[in-house]
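Under my numbering, the first residue of the sequence shown is numbered 337, with each subsequent residue one higher. Don't be surprised by glycine CBs; every beta carbon is placed ideally from N, CA and C. Okay, so here's the structure we're looking at.
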Amino acid sequence: MLFTEDLLHYVWKFRLFDRTDLKTTSGEVIDIQSVGIHNTDSGPDFSNARIRIGDTTWAGNVELHLSSSDWKKHNHTTDNAYDNVILHVVYRDDEPVSDTKGRVIPTIELKDRIPEELYGRYHNLVFGNQTIIPCESSIGKLDEFTLKTWFTRILIERLEKKSEAVIKALELNRGDWEETFYQFIAANFGFKTNALPFELLAKSLPQTILGKHKNSTLQIEALIFGQAGFLTDDLQDEYPRKLKTEYDFLRKKFSLAPIDNHLWKFMRMRPLNFPTVRLAQFAALVVNSNHLFSKVLDIKDVKILQKLFTEIKVNEYWDDHYQFDKPSKPVSKNMGQSSANLLLLNTLSLFLFSYGRYNQQQYFIDRSLKLLESLPGEQNNIIADFNSLGVKAGSAFESQALLELKNYYCNYKKCLQCSVGNKILKLQA
């Protein structure tokens, strides 16, 4: 049965091996007082271990290998970073090893000390024929406390990774949170399909320019549709022609260059999600929301945050249009609740978390998590698969955690780094 170094690390870290009459390969009695701290960077695998060998208690590092001969293969014999190794832990011992000074490193072999049940459980997880996730037959049976604790941890991991992009953009914007938030909220107005052109639009049209025209709805709409590349020479309806007249003037005034109109995608989209409709909604948000990020920081009520988006009114032209010069049946183009919730999930919660992390204010991190707990769980194929396994996502907090679990743990079979996998293995070990 295949044994991996990851499993060896796991066995050592949690002492999941028979410690009865434990001795080194040279016959010295071993007492493991502390296995040390797992090191995931370069250098020995565990640091600050405390181990009594014979009559002497040693403090130092522990190195693990599948075979003791791997010590030489990895060039540890000539690397003084390994001179403080006090114990070599191996699955199988095939030769003695020494450090740069010629000192023989005490070694213990664990091949016959690991429970067969642990082998079997690990192989079922990592090398089984599961169709959804490695632990699909067990995850639905785990206690709620284990799942919730792990969900909180991996959700924070997810937000920390995403916040790196926010902090990077903040630096490019010279510490301007409002401008950075404006760029991210714009990108998320495009959702997945039109996120890139929306992002390019926002970066080509800074808030400082929009702010100069905050009292003119027509000029703000002209700037947004013009920069998006939709105000061309062949427009027929009065409203878009007015927008074009305004934009032509403002474009020269601010030396603006519109983005490529061909970046916008309409194919295989519901008309209510057409980029022209989303741009109309975005323009209405800009018109009605000065200093939007400051409002987000101040507003604690989720329902009021939702209303920042659901109560914005788009220009009446869009009541019976999805695109310029193409009349349609009258349908409200104001933003719906589900779209607003996605913006709260993908932008507002992320920025509350990023702001709290950047300024070391736990209050805003907690508000970010609470906001996700208040939003309904997402509906997609991954969440549906977890539902079929008995793991429900009643909130965005849980659905976001499940997405992180699937994409960054289950897909890579990192069961030994996952609390769910750990629980399953320990229950059976």
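Inter-stretch contact (C-beta, 8 Å, three-pair minimum) for the region 691-701 and the region 602-616: Between the region 691-701 and the region 602-616 there are fewer than three C-beta pairs closer than 8 Å, too few to call the two in contact.
Inter-stretch contact at 8 Å, needing at least 3 Cβ pairs: the region 552-560 / the region 614-632: Because the criterion of three Cβ pairs below 8 Å is met, the region 552-560 and the region 614-632 touch.
Selection from 540, 374, 733 that minimises the alpha carbon distance to residue 752: Out of 540, 374, 733, 374 has the C-alpha closest to the C-alpha of residue 752.
Neighbour-count burial assignment, residue 761, 16 or more Cβ in a 10 Å radius: Looking at its Cβ environment, which holds 16 or more other Cβ atoms inside 10 Å, residue 761 is buried.
With 16 other Cβ atoms within 10 Å as the buried cut-off, status of residue 495: Buried, by the Cβ-count rule.
Residue environment, residue 579, which counts as buried when at least 16 other CB atoms sit within 10 Å: So residue 579 ends up on the buried side.
Neighbourhood of residue 464 by C-beta, 7 Å cutoff - its chain only, sequence neighbours within 5 removed: Excluding five sequence positions before and after residue 464, the CB atoms of its chain that fall closer than 7 Å to its own CB belong to 470, given in chain order.
Through-space distance from residue 338 to residue 459, alpha-carbon basis: For residue 459 and residue 338, the distance between alpha carbons rounds to 8 Å.
Contact the region 534-544 vs the region 709-724: 3+ CB pairs below 8 Å: Contact fails: fewer than three Cβ-Cβ distances are below 8 Å.
Same chain, Cβ closer than 7 Å to residue 516, neighbours up to 5 away in sequence not counted: For residue 516, the CB contacts under 7 Å within the same chain, skipping 5 residues up- and downstream, are 502, 505, 506, 509 in chain order.
Burial state of residue 318, where buried means 16 or more other Cβ atoms lie within 10 Å: The structure shown does not extend to residue 318, since the chain spans only 337 to 765, so no value can be given for it.
Closest Cα partner of residue 410 within the set 438, 379, 680, 456: The option with the nearest alpha carbon to residue 410 is 379.
Spatially closest choice to residue 447 from 352, 719, 641, by CA coordinates: The candidate whose alpha carbon is nearest that of residue 447 is 352.
Pair within 8 Å by beta-carbon distance, residue 421 and residue 396: Contact flag set, yes.
Alpha-carbon to alpha-carbon, residue 650 and residue 619: Taking the straight line from one Cα to the other gives about 8 Å.
Beta bridge counterpart(s) of residue 399 as assigned by DSSP: For residue 399, which the question treats as bridged, DSSP gives the partners 424.
Residue 369 versus residue 633 - alpha carbon distance: Each residue's Cα considered, the two are about 49 Å apart.
DSSP bridge partner residues for residue 365 (one or two, in chain order): The partner list for residue 365 (beta bridge, DSSP) reads 359.
CA nearest to the CA of residue 467, picked from 758, 755, 756, 746: A check of alpha carbon separations from residue 467 across 758, 755, 756, 746 identifies 746 as the nearest.
Within 8 Å, strictly: CB atoms of residue 419 and residue 435: With contacts defined as CB atoms closer than 8 Å, residue 419 and residue 435 qualify as a contacting pair.
DSSP three-state assignment for residue 646, whether helix, strand or coil: Residue 646 falls in the helix class under three-state DSSP.
Residue span of the alpha helix (DSSP H) that contains residue 582, given as start and end: For residue 582, the enclosing alpha helix (DSSP H) covers residues 574-590.
Environment of residue 664 [buried if 16+ CB atoms lie within 10 Å]: Flag for residue 664 reads exposed.
Backbone CA spacing between residue 653 and residue 671 [nearest angstrom]: The C-alpha of residue 653 lies about 15 Å from the C-alpha of residue 671.
Sequence-distant residues of the same chain with beta carbon closer than 8 Å to residue 512, five excluded per side: Only 506 meet the Cβ criterion.
Environment of residue 543 [buried if 16+ CB atoms lie within 10 Å]: Label assigned to residue 543: buried.
Where residue 712 sits in the DSSP three-state scheme: DSSP places residue 712 in strand when its eight states are reduced to three.
Close-in-space but distant-in-sequence residues of the same chain around residue 733 (CB under 6 Å, 5 per side omitted): Hits under 6 Å: 708, 709.
CA-to-CA distance, residue 755 to residue 479, given in whole angstroms: Cα atoms of residue 479 and residue 755: separation of roughly 12 Å, rounded to the nearest angstrom.
Residue burial classification, residue 657 (beta-carbon count within 10 angstroms, cutoff 16): Buried, by the Cβ-count rule.
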